[in-house]
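Working notes for the structure below.
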Amino acid sequence: MKSSPSTATHPLALLAVDGLLSDEERAIRDTVRAAADRELRPHVAGWFEKGEIPARELARTLGELGVLGMHLEGYGCAGTSAVAYGLACMELEAVDSGLRSLVSVQGSLAMYAIWKYGSEEQKQRWLPGMAAGEYIGCFGLTEPDAGSDPGAMRTNAKRDGSDWILNGTKMWITNGSVADVAVVWARTEEGVRGFLVPAGTPGFSAPEITMKLSLRASVTAELVLEDVRLPADAMLPEARGLSGPLGCLNEARFGIVFGALGAARDCLETAISYAKDRTVFARPLASYQLTQQKLADMSVELGKGMLLALHLGRLKDAGELTPEQISVGKLNNVREAIAIARECRTILGANGITLEYPVLRHANNLESVLTYEGTSEVHSLVIGKALTGEQAFR
Ligand SMILES: Cc1cc2nc3c(=O)[nH]c(=O)nc-3n(C[C@H](O)[C@H](O)[C@H](O)COP(=O)(O)OP(=O)(O)OC[C@H]3O[C@@H](n4cnc5c(N)ncnc54)[C@H](O)[C@@H]3O)c2cc1C
């Protein structure tokens, strides 16, 4: 039996997902896809292999594309819908989760923290440059001994006259060593507060974390704060307690609900194309029932994930999205994306383990995506609490 490319349907076309998008959403998605394919995709395997990205240049490219803080209003941000932002995340992650991470951390964590909780002066100082990609931001919440439980953080800020003195260590911070400004969450006498720490502040350093096997096309660093003196106006005035950082995390998690599907889609497209070209036992790999079972199951999950992401996006645009719903989306879509990436790897056989093809790179990246922005276990516990009223975190 011969494969017939002319009659092949794209996995997402099976459910006619495009028809659920507005013209504007499709246009934004197509623009981001074209730019990502042109500017990022040709280089990404090399960046991943080296474990290095040209972060400054990339930030400016992404700023010109208009995706940095694109869902925020004012201060040079595009003010798009949540769905459009999600679709942009999907296209960026179809290239690499590390590149989507750069955008998520910049827009949904660092910029959002300033936009939502900052003073007017802080917003004017940082947001336009961050939207343009001239400044890079990072978001320091996790610590060596406080990941899933940020309430256990040790980083502290103490008053000294009107100044603040910060001490502590943050760990696994995306963009950390290339950031111009770090949003650092610290314990104070009045609970957890957020601080803006400009790069170069005495006592502040950000050594890069190397030897990663995942998100290699992304900068990850430690943030070390040793008696870092900051003026009173470095504090974000409107963020009080852990609800501040958790509010930012919800924004970034939302982007991941869409983003992870981009990685999955890229794997599935690669696997379908490979299976059609690869001959085994004198027939195309795509013509065997076992292969078609794999492709069908993966396409069903990709389509379901997409419908879920769009539903959550519409709820977000209506101002109705709850944290539990974001947990449903993050848990499901990352879990299914990683399963798809691994299954696609089997279809590519030995070729699947190389950087010639994107599937194992995506699978490895998705290990980080499964863990950051709330692990799958944490999201299960959030859903469990919503279902039972019982919290099982501790
Ligand atoms: C590449 C990368 C980039 C990152 N970028 C950032 C960033 O920019 N900013 C930032 O602040 N953080 C960042 N993180 C950190 C990330 O958010 C944390 O790794 C994550 O919150 C999990 O924390 P942990 O690694 O300390 O794991 P732990 O909290 O130690 O968890 C270990 C395991 O225990 C499970 N577990 C935890 N609590 C429970 C429980 N109650 N019941 C059952 N199981 C439980 C977890 O699900 C996990 O499987 C990044 C991480 C990675 C890998």
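Its first residue numbered 7, the sequence shown is counted upward by one per residue in the working numbering.
Note that beta-carbon positions come from the ideal geometry of N, C-alpha and C, so glycine has one too.
Predicted, not measured: the structure shown is a model, and the values here were computed from it.
Cβ pair residue i, residue j closer than 8 Å
{"i": "Leu-354", "j": "Ile-332", "result": "no"}
{"i": "Thr-276", "j": "Gly-57", "result": "no"}
{"i": "Ala-205", "j": "Val-230", "result": "no"}
{"i": "Thr-148", "j": "Lys-176", "result": "yes"}
{"i": "Phe-145", "j": "Val-109", "result": "no"}
{"i": "Leu-172", "j": "Phe-201", "result": "yes"}
{"i": "Phe-260", "j": "Lys-322", "result": "yes"}
{"i": "Leu-245", "j": "Asp-169", "result": "According to the sequence provided, residue 245 is Ala. The question's Leu does not apply to it. No, Cβ-Cβ distance for Ala-245 and Asp-169 is not below 8 Å."}
{"i": "Val-286", "j": "Asn-339", "result": "no"}
{"i": "Gly-265", "j": "Arg-367", "result": "no"}
{"i": "Pro-251", "j": "Glu-228", "result": "no"}
{"i": "Ser-125", "j": "Pro-48", "result": "no"}
{"i": "Leu-301", "j": "Ile-278", "result": "yes"}
{"i": "Gly-113", "j": "Gly-157", "result": "no"}
{"i": "Leu-361", "j": "Cys-254", "result": "no"}
{"i": "Gly-85", "j": "Glu-140", "result": "no"}
{"i": "Leu-376", "j": "Ile-346", "result": "no"}
{"i": "Met-312", "j": "Glu-349", "result": "no"}
{"i": "Glu-127", "j": "Ser-87", "result": "no"}
Terminal residues of the beta strand (DSSP E) in which residue i lies
{"i": "Thr-226", "result": "226 to 236"}
{"i": "Lys-56", "result": "Run containing Lys-56: none in the beta strand (DSSP E); it sits in the alpha helix (DSSP H), 47 to 56."}
{"i": "Leu-202", "result": "197 to 204"}
{"i": "Ala-188", "result": "187 to 194"}
{"i": "Asn-162", "result": "162 to 166"}
Beta-carbon proximity list for residue i, same chain, < 7 Å, skipping 5 on both sides
{"i": "Ser-9", "result": "Confidence in Ser-9 is poor, its pLDDT being 45 and thus under 50, which makes the residue's placement unreliable; the coordinate value appears in the next sentence. So the list reads Lys-282, Pro-290, Ala-292 and Ser-293, once near-sequence residues are dropped."}
{"i": "Gly-82", "result": "Leu-133, Pro-134, Ala-137 and Ala-138"}
{"i": "Ala-41", "result": "Leu-71"}
{"i": "Met-7", "result": "Only weak support exists for where Met-7 lies, its pLDDT of 41 falling under 50; the value from the coordinates is given anyway. So the list reads Arg-289 and Ser-293, once near-sequence residues are dropped."}
{"i": "Arg-351", "result": "Gly-358, Val-365, Leu-366 and Ala-369"}
{"i": "Thr-381", "result": "Ser-154"}
{"i": "Lys-336", "result": "Arg-259, Ile-262, Val-263, Glu-379, Gly-380 and His-385"}
Residue i - containing alpha helix (DSSP H), residue span
{"i": "Phe-399", "result": "Taken as a continuous stretch (DSSP letters only), Phe-399 belongs to no alpha helix (DSSP H), as it is neither H nor E."}
{"i": "Ala-138", "result": "126 to 138"}
{"i": "Phe-264", "result": "249 to 283"}
{"i": "Gly-25", "result": "Unbroken run through Gly-25: none, as it is neither H nor E."}
{"i": "Ile-344", "result": "329 to 353"}
{"i": "Asp-169", "result": "From DSSP, Asp-169 is part of no alpha helix (DSSP H) but of the beta strand (DSSP E) over 169 to 180."}
{"i": "Gly-309", "result": "295 to 323"}
{"i": "Gly-146", "result": "It is not in any alpha helix (DSSP H) - Gly-146 instead sits in the beta strand (DSSP E) that spans 143 to 146."}
{"i": "Leu-366", "result": "365 to 377"}
{"i": "Ile-120", "result": "118 to 123"}
{"i": "Val-111", "result": "Looking at the DSSP string, Val-111 is not in any alpha helix (DSSP H), and its letter there is neither H nor E."}
{"i": "Ala-100", "result": "88 to 101"}
{"i": "Arg-44", "result": "Looking at the DSSP string, Arg-44 is not in any alpha helix (DSSP H), and its letter there is neither H nor E."}
{"i": "Arg-246", "result": "Neither: Arg-246 is in no alpha helix (DSSP H) and is coded neither H nor E."}
{"i": "Glu-362", "result": "Unbroken run through Glu-362: none, as it is neither H nor E."}
{"i": "Gly-69", "result": "61 to 71"}
Contacts around residue i, its chain only, beta-carbon distance under 6 Å, and the 5 residues preceding and following it disregarded
{"i": "Arg-429", "result": "Here the chain has residues from 7 to 400 only, and residue 429 is not among them."}
{"i": "Asp-24", "result": "none"}
{"i": "Pro-329", "result": "Asn-256"}
{"i": "Thr-67", "result": "Glu-45"}
{"i": "Cys-273", "result": "Ile-346, Ala-347, Cys-350, Val-365 and His-368"}
{"i": "Arg-39", "result": "Glu-97"}
{"i": "Arg-199", "result": "Met-241"}
{"i": "Ser-211", "result": "Val-230"}
{"i": "Gly-209", "result": "Glu-232, Asp-233 and Val-234"}
Residues of its chain near residue i, where Cβ-Cβ distance is below 8 Å and the 5 sequence neighbours each way are ignored
{"i": "Arg-35", "result": "Leu-27, Ala-90, Leu-93, Ala-94, Met-96 and Glu-97"}
{"i": "Val-111", "result": "Gly-143, Cys-144, Phe-145, Thr-180, Asn-181 and Ala-258"}
{"i": "Thr-37", "result": "Leu-71"}
{"i": "His-16", "result": "Glu-275"}
{"i": "Ala-398", "result": "Leu-387, Gly-390 and Lys-391"}
{"i": "Arg-341", "result": "Leu-376 and Ser-382"}
{"i": "Ala-61", "result": "Leu-108, Ile-142, Asn-181, Val-184 and Val-225"}
Residue i CB to nearest heavy atom of ligand 2 below 7 Å
{"i": "Leu-242", "result": "Looking at this structure, you won't find ligand 2 anywhere; what it does contain is ligand 1."}
Hey, is the stretch 42 to 54 in contact with the stretch 218 to 235, meaning 3+ C-beta pairs nearer than 8 Å? Enough Cβ pairs lie closer than 8 Å, so yes.
Can at least three beta-carbon pairs, one atom from the stretch 263 to 272 and one from the stretch 361 to 374, be found at a separation below 8 Å? Enough Cβ pairs lie closer than 8 Å, so yes.
Just checking, does the stretch 151 to 160 make contact with the stretch 92 to 102 on the three C-beta pairs under 8 Å criterion? Touching, no.
So, does the stretch 112 to 121 touch the stretch 387 to 398, judging by three or more C-beta pairs under 8 Å? Contact between the stretch 112 to 121 and the stretch 387 to 398 is absent, with fewer than three C-beta pairs closer than 8 Å.
Pairing CB atoms from the stretch 189 to 198 with CB atoms from the stretch 162 to 178, are three or more of them under 8 Å? Yes, since at least three Cβ pairs between the stretch 189 to 198 and the stretch 162 to 178 fall closer than 8 Å, the two stretches touch.
The stretch 11 to 26 contacting the stretch 299 to 318, beta-carbon criterion three pairs below 8 Å: Yes, the stretch 11 to 26 touches the stretch 299 to 318.
Tell me whether the stretch 232 to 239 and the stretch 179 to 189 touch, counting them as touching only if at least three CB pairs, one residue from each stretch, are closer than 8 Å. In short, these stretches do not touch, since the Cβ pair count stays below three.
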